[in-house]
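For the sequence shown, the positions run 4 to 158 when this note's numbering is used.
Below is one structure, written out as structure tokens; the observations come after it.
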Amino acid sequence: MKKFLIVTFAIIISAGVYLFHTTAAEENFMSTPLTDEQQLKNLYAEMWQALLTKDIAVLDKIHADNFVLTHMTGMNQPKSEYLRCIKDGELNYFSETTENIFIEVSNNNAKLIGQSRVNAAVFGGSKNTWRLQLAFDVEKINGAWIFTYAKASTY
Numbered sequence: 004m005k006k007f008l009i010v011t012f013a014i015i016i017s018a019g020v021y022l023f024h025t026t027a028a029e030e031n032f033m034s035t036p037l038t039d040e041q042q043l044k045n046l047y048a049e050m051w052q053a054l055l056t057k058d059i060a061v062l063d064k065i066h067a068d069n070f071v072l073t074h075m076t077g078m079n080q081p082k083s084e085y086l087r088c089i090k091d092g093e094l095n096y097f098s099e100t101t102e103n104i105f106i107e108v109s110n111n112n113a114k115l116i117g118q119s120r121v122n123a124a125v126f127g128g129s130k131n132t133w134r135l136q137l138a139f140d141v142e143k144i145n146g147a148w149i150f151t152y153a154k155a156s157t158y
């Protein structure tokens with residue numbers, strides 16, 4: 004009986020130590036701020052999720068008011084027109100798989116190049132899968148990263 008109580012007590016102490024360390028590790032993980040690179044990767048993923056669901060409010064929030072997209076054709080499209088084309092169905096995105104993200108941060112500015120396989124139908128064209136590269140200029144304003152410019156190409 005004495006041996007049973009000692010083993011039981013040891014198990015309870017071990018479980019308490021484990022739970023304390025697990026909780027402390029989780030709290031430390033939760034309070035660790037994301038690096039700029041992690042924030043930018045999250046921004047890229049957030050953009051694609053918003054494009055796929057046509058969430059214009061999110062797209063409006065993560066693109067600067069002076070944002071311009073240069074399409075593969077060379078056409079420059081300001082933010083308001085870009086968002087209208089998404090909303091009206093001229094730009095339709097059905098799926099996206101990120102293959103590569105390259106990030107270069109310099110203070111509150113960054114260059115982000117995202118390479119994704121994108122299934123889309125744009126400007127009346129047929130639905131197709133593209134190897135789409137978007138080269139972004141990104142700026143941190145009031146602690147949040149936003150897209151200021153993008154140039155589309157293939158890779």
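For every residue, glycine included, the Cβ atom is placed at its ideal position computed from N, Cα and C.
Here the structure is a predicted model, which is why all the values come from computation and not from measurement.
So for residue 158, helix, strand or coil by DSSP?
Coil at residue 158, not helix or strand.
Express the C-alpha separation of residue 52 and residue 155 in angstroms, rounding to a whole number.
Going from the Cα of residue 155 to the Cα of residue 52 covers about 18 Å.
CB-CB under 6 Å to residue 3, same chain, minus the five flanking residues each way: which ones, in chain order?
No answer is possible for residue 3: the residues shown for the chain start at 4 and end at 158.
Closer than 9 Å, CB to CB, is residue 52 near chain C or not?
The structure shown has no chain C; it contains just one protein chain.
Do you know whose CA, among 97, 60, 142 and 80, lies nearest residue 130's CA?
If we check each option's Cα against that of residue 130, 97 comes out closest.
Who are the near neighbours of residue 101 in its chain, counting only those whose CB is closer than 8 Å to its CB and skipping five residues on each side?
Correct list, in chain order: 47, 48, 51, 117, 118 and 119.
Alpha carbon to alpha carbon, how far is residue 148 from residue 44? Give it in angstroms, no decimals.
Cα to Cα, the separation comes out at about 11 Å.
How big is the Cα-Cα spacing for residue 66 and residue 137?
So the alpha carbons of these two residues sit roughly 14 Å apart.
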